[in-house]
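Enquirer: Structure below; questions to follow.
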Amino acid sequence: MAMERRGSQRLNPNQTSQSGRGAGNKTGSQSKPEFKLELETNSWLRISLSAKDLEKKFTNLFCHFSVQNLREAFHALDGSKAIGIDGMTKREYQKSLDANLADLVTRLHKGTYRPLPKRSVQIPKANGKLRPIAISAFEDKLVEWLLAKLLSSVYEPLFIRNSFGFRPNRSAHDAIKAAYCTLKDDKRPHVVEIDLKNFFDSVSHRILMKLVKRRITDPRMQGLIARFLNAGILEQTGNLKISDTGTPQGSIMSPVLANVFLHYALDKWFVENYASNGAVIVRYADDAVFIFEKEEEAKNFKAALKERLEAFKLNLNEDKSGIISFGKRSGNTFHFLGFSFIWGKDRGSLKRVLRVQTEKQKLFKKIQEFTTWIKENRSKYKLDELWRITSSKLRGHYNYYGVYSNHNKLNHFYFSVTGILFKWLNRRSQRKSFTWERFKKRLMYNPLPLPPKGAALKPLIDRRIYA
5 MAMERRGSQR LNPNQTSQSG RGAGNKTGSQ SKPEFKLELE TNSWLRISLS AKDLEKKFTN
65 LFCHFSVQNL REAFHALDGS KAIGIDGMTK REYQKSLDAN LADLVTRLHK GTYRPLPKRS
125 VQIPKANGKL RPIAISAFED KLVEWLLAKL LSSVYEPLFI RNSFGFRPNR SAHDAIKAAY
185 CTLKDDKRPH VVEIDLKNFF DSVSHRILMK LVKRRITDPR MQGLIARFLN AGILEQTGNL
245 KISDTGTPQG SIMSPVLANV FLHYALDKWF VENYASNGAV IVRYADDAVF IFEKEEEAKN
305 FKAALKERLE AFKLNLNEDK SGIISFGKRS GNTFHFLGFS FIWGKDRGSL KRVLRVQTEK
365 QKLFKKIQEF TTWIKENRSK YKLDELWRIT SSKLRGHYNY YGVYSNHNKL NHFYFSVTGI
425 LFKWLNRRSQ RKSFTWERFK KRLMYNPLPL PPKGAALKPL IDRRIYA
């Protein structure tokens, strides 16, 4: 527990440093009366300061459901997102914004507010299956945004350092860096990778509310969270599905509730029982790896993990979970967040170094997705627009997969995309319309983004955090 406390007493990512950055900005140089005024008007600052006390119970969070905070939620929401079953858009809601927000606050504090069922849509997964996404009504999105902000402010100081998913100023790249820095010296060569079976659909509402009540004792706040969990999902068939499990993907507060659940079910338990022996957890949402020095420790953990998860009504996907011997000479590979970790030879020497590359299955999926897109849209858009969208897709791929040691896989993606683009541009009509010479000339004068290399690639070691 001591290790967890030390890790959680770092600067909260939601806060601004009062000393380091203060000299040149308003926050650091403001007088005590000004700070007191900000403390009285800024809900997030007050909660963040209180949340530093890891034993604190929050008894009155509902007072933060105000017109001012809901207005902040309104401006934060993306108006282009899909609409819920009410059919309300951000633009329509804005026409009577002041009256709508005032009415919403009144209903919240009277206890008459009830969230509408979410609208279910299906999106394809990499394995060919469909993932259900839940779309909330617009007014419910406002309340969810505020709930998520409150929950994040309350629980952020409790979360362990190596929990990276859906947290302020943390990303999947930070999780990759943490795993890389733990493995690169080959001192902990045993990796336990896990896959939680249907995690977001399996979270027990009863257990989740018990965990929430450990920190939040405000009954109105508890009741509001419970109403959202029990609101149900309107399926595409027209059936209303109400379940006592699940935090629907697509819900704004779902990621925060998932982090709360896994903090108590997994992170805190691991730190208290295994971190003192040098074992390391790296978690991003429901994707996690556990890294051990000794194989026996890894085996004991794997056996205990199954029992621990069953106590929280969670199950392992055994086909995707296991122990990997990942020493320099093992020749083994493991995958995490779309990347493959591989030991390879350093150029110009016999020294073996750890490399991180795009996972083959993910690379193939991205290429297939581009092929499907260009086949379906080659005749819908003019050439300039197809070129622009292709450039955007390439930049998006580089932005995620553009890490040090992955240049070859980025090149593979670039040349695959340009080849597919040339092929399908020639199938916009019955006769060949785009010769290779003409295509090369366009590439010369209007080049598609090339893969980053060298210093342009994201480093895998961030000494400020992981040294």
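By the working numbering, the letter at position 6 of the sequence shown is numbered 10, and the numbering carries on one by one without gaps.
Yeah, the Cβ is synthetic: ideal placement off N, Cα and C, and Gly gets one too.
Keep in mind that this is a model prediction, so the values were computed, not measured.
1. So the alpha helix (DSSP H) Gly458 belongs to, where does it begin and stop?
2. List the whole-angstrom C-beta distance separating Asn410 from Gln372, where the pair is believed to meet the contact cut-off of C-beta under 8 Å.
3. Is Ile264 helix, strand or coil by DSSP?
4. I'd like the list of long-range same chain contacts for Leu244, defined as Cβ closer than 8 Å, with 5 residues on each side in sequence excluded.
5. Rounding to the nearest angstrom, what Cα-Cα distance links Glu299 and Glu276 in this structure?
6. Output the boundary residues of the beta strand (DSSP E) element that contains Pro136.
7. On the CB-based measure, 16 or more other CB atoms within 10 Å of its CB, does Asp102 come out buried or exposed?
8. Give the straight-line distance between the Cα atoms of Met213 and Gln226, rounded to the nearest whole angstrom.
9. Could you give the DSSP three-state label for Gln361: helix, strand or coil?
10. DSSP on Ser383, reduced to helix/strand/coil?
11. Do Ser206 and Leu318 have their C-beta atoms closer together than 8 Å?
12. Quick one: Cα of Gln253 to Cα of Pro136, how far?
13. Can you tell me whether DSSP reads Arg287 as helix, strand or coil?
14. Can you check the stretch 56-120 for any beta strand (DSSP E) of at least 3 residues that lies completely inside it and give the ranges in chain order?
15. Tell me the DSSP secondary structure of Gly423 in three-state form.
16. Are the CB atoms of Ile328 and Val195 within a distance shorter than 8 Å?
17. Go through its chain and collect everything with a Cβ distance to Val357's Cβ below 6 Å, but skip five positions before and after it.
18. For the alpha helix (DSSP H) containing Phe232, name the first residue and the last one.
19. Can you tell me whether Leu309 is helix, strand or coil according to DSSP?
20. Just the C-alpha distance for Pro259 and Tyr449, rounded to the nearest angstrom, thanks.
21. When the Cα atoms are used, what is the spatial distance from Ile424 to Lys445?
22. I think Leu215 touches Phe265, with their Cβ atoms under 8 Å apart; what is that distance to the nearest whole Å?
23. CB-CB under 6 Å to Tyr159, same chain, minus the five flanking residues each way: which ones, in chain order?
24. Can you find the residues in the same chain that come closer than 8 Å, C-beta to C-beta, to Lys30, ignoring five residues on each side of it along the sequence?
25. Look at the alpha carbon of Thr110 and the alpha carbon of Val125, and state the distance between them as a whole number of angstroms.
26. For a test of the three-state rule: what should DSSP assign to Phe443, helix, strand or coil?
27. Between Gly348 and Asn336, what straight-line distance do the alpha-carbon atoms span, to the nearest angstrom?
28. Short check: CB of Phe343 to CB of Ile89, under 8 Å?
29. Put Leu334 into one of helix, strand or coil per three-state DSSP.
30. Using the Cβ count rule (16 or more neighbours within 10 Å means buried), how would you classify His401?
31. Does DSSP put Asp4 in a helix, a strand or coil?
32. Could you check where the alpha helix (DSSP H) with Ser329 kicks off and where it finishes?
33. Round the Cβ separation of Lys94 and Leu81 to the nearest angstrom and send it over; I've been treating them as touching at under 8 Å.
34. Is it buried or exposed for Phe419, if we count other Cβ within 10 angstroms and need 16 for buried?
35. Tyr288 and Gly115: beta carbons closer than 8 Å?
36. According to DSSP, is Ser255 helix, strand or coil?
Expert: Quick answer:
1. Along the sequence shown, one-based indexing puts residue 458 at 454. Counting along the chain, Gly458 sits inside no alpha helix (DSSP H), nor does DSSP assign it H or E at all.
2. As a first step, residue 410 must be located in the sequence shown, where it is residue number 406. As a first step, residue 372 must be located in the sequence shown, where it is residue number 368. About 19 Å separates the two Cβ atoms, so there is no contact after all.
3. Taking the first residue of the sequence shown as position 1, residue 264 is located at position 260. Reading the sequence as shown, one finds Val at residue 264 and not Ile. In the three-state reduction of the DSSP assignment, Val264 falls in the helix class.
4. Counting from 1 along the sequence shown, the entry for residue 244 is found at position 240. Closer than 8 Å at Cβ, skipping near neighbours: Pro121, Gly236, Ile237, Leu238.
5. Taking the first residue of the sequence shown as 1, we reach residue 299 at position 295. Taking the first residue of the sequence shown as 1, we reach residue 276 at position 272. Near 19 Å, if we compare the C-alpha coordinates of Glu276 and Glu299.
6. Here residue 136 corresponds to residue number 132 of the sequence shown, with the count starting at 1. That run of the beta strand (DSSP E) goes 134-139.
7. Position 98 of the sequence shown, counted from the start, is the residue given in the question as residue 102. By the neighbour-count rule (16 or more Cβ atoms within 10 Å), Asp102 is not buried but exposed.
8. Mapped onto the sequence shown, residue 213 falls at position 209. Mapped onto the sequence shown, residue 226 falls at position 222. Counting only the Cα atoms, Gln226 lies some 7 Å from Met213.
9. Translated into the one-based positions of the sequence shown, residue 361 becomes position 357. Correct three-state label for Gln361: strand.
10. Translated into the one-based positions of the sequence shown, residue 383 becomes position 379. DSSP places Ser383 outside both helix and strand once states are collapsed to three, so it counts as coil.
11. Counted from its first residue, the sequence shown places residue 206 at position 202. Counted from its first residue, the sequence shown places residue 318 at position 314. Inclusion of Ser206 and Leu318 in the CB contact set at 8 Å is warranted, their separation being smaller than that value.
12. In the sequence shown, counting from the first residue as 1, residue 253 sits at position 249. In the sequence shown, counting from the first residue as 1, residue 136 sits at position 132. The alpha-carbon atoms of Gln253 and Pro136 are separated by roughly 7 Å.
13. As a working mapping, residue 287 is identified with position 283 in the sequence shown. Arg287: strand per DSSP, three-state reduction.
14. Within the stretch 56-120, not a single complete beta strand (DSSP E) segment reaches 3 residues in length.
15. For the purposes of this step, residue 423 is taken as the residue at position 419 of the sequence shown. Per DSSP, reduced to three states, the secondary structure at Gly423 is helical.
16. What you label residue 195 is simply residue 191 of the sequence shown in a count that begins at 1. What you label residue 328 is simply residue 324 of the sequence shown in a count that begins at 1. Yes, Cβ-Cβ distance for Val195 and Ile328 is below 8 Å.
17. As a position in the sequence shown, residue 357 is number 353, starting the count at 1. When the five nearest sequence neighbours on each side are left out, the beta carbons in the same chain lying within less than 6 Å of the beta carbon of Val357 are those of Asp350, in order along the chain.
18. Here residue 232 is taken as the residue at index 228 of the sequence shown, counted from 1. It spans 223-233 - the alpha helix (DSSP H) in which Phe232 sits, taken as one unbroken run.
19. Translated into the one-based positions of the sequence shown, residue 309 becomes position 305. DSSP places Leu309 within a helical segment (H, G or I) once states are collapsed to three.
20. Along the sequence shown, one-based indexing puts residue 259 at 255. Along the sequence shown, one-based indexing puts residue 449 at 445. Going from the Cα of Pro259 to the Cα of Tyr449 covers about 44 Å.
21. Residue 424 sits at position 420 when you count from the first residue of the sequence shown. Residue 445 sits at position 441 when you count from the first residue of the sequence shown. Distance from the CA of Ile424 to the CA of Lys445, rounded to the nearest whole angstrom, comes to 17 Å.
22. As a first step, residue 215 is located in the sequence shown; it is residue number 211 there, counting from the start. As a first step, residue 265 is located in the sequence shown; it is residue number 261 there, counting from the start. Correct: roughly 6 Å between the Cβ atoms.
23. Counting from one through the sequence shown, the residue named residue 159 turns up at place 155. Closer than 6 Å at Cβ, skipping near neighbours: Val264.
24. In the sequence shown, the residue the question calls residue 30 occupies position 26. Residue confidence for Lys30 is low, a pLDDT of 44 falling below 50, so the modelled location carries little weight and cannot support an answer.
25. As a first step, residue 110 must be located in the sequence shown, where it is residue number 106. As a first step, residue 125 must be located in the sequence shown, where it is residue number 121. Going from the Cα of Thr110 to the Cα of Val125 covers about 32 Å.
26. The count along the sequence shown starts at 1 and reaches residue 443 at position 439. Helix at Phe443.
27. In the sequence shown, counting from the first residue as 1, residue 348 sits at position 344. In the sequence shown, counting from the first residue as 1, residue 336 sits at position 332. Distance between the alpha carbons of Gly348 and Asn336 is about 11 Å.
28. Reading the sequence shown from its first residue, position 339 is the one you call residue 343. Reading the sequence shown from its first residue, position 85 is the one you call residue 89. No; because the gap between Cβ atoms is not below 8 Å, this pair is not in contact.
29. As a working mapping, residue 334 is identified with position 330 in the sequence shown. Here residue 334 turns out to be Ser, not Leu, going by the sequence shown. Reduced to three states, the DSSP call for Ser334 is coil.
30. Locating residue 401 in the sequence shown gives position 397, counting from the first residue. Around the beta carbon of His401, a 10 Å sphere encloses 16 or more other beta carbons of the protein chains shown; the residue is thus reported as buried.
31. One cannot answer for residue 4 here, as it falls past the ends of the chain, which runs 5 to 471.
32. Walking along the sequence shown from the start, residue 329 turns up at place 325. Where Ser329 is concerned, there is no enclosing alpha helix (DSSP H), although the beta strand (DSSP E) it sits in stretches over 326-329.
33. Looking up residue 94 in the sequence shown gives position 90. Looking up residue 81 in the sequence shown gives position 77. In this structure Lys94 touches Leu81 by the C-beta definition: roughly 6 Å separates them, less than 8 Å.
34. What you label residue 419 is simply residue 415 of the sequence shown in a count that begins at 1. Phe419 is exposed by the Cβ-count criterion.
35. Within the sequence shown, residue 288 is the residue found at index 284, counting from 1. Within the sequence shown, residue 115 is the residue found at index 111, counting from 1. Cβ atoms of Tyr288 and Gly115: not closer than 8 Å.
36. For the purposes of this step, residue 255 is identified with residue 251 of the sequence shown, where counting begins at 1. The answer is coil: DSSP assigns Ser255 none of H, G, I, E or B.
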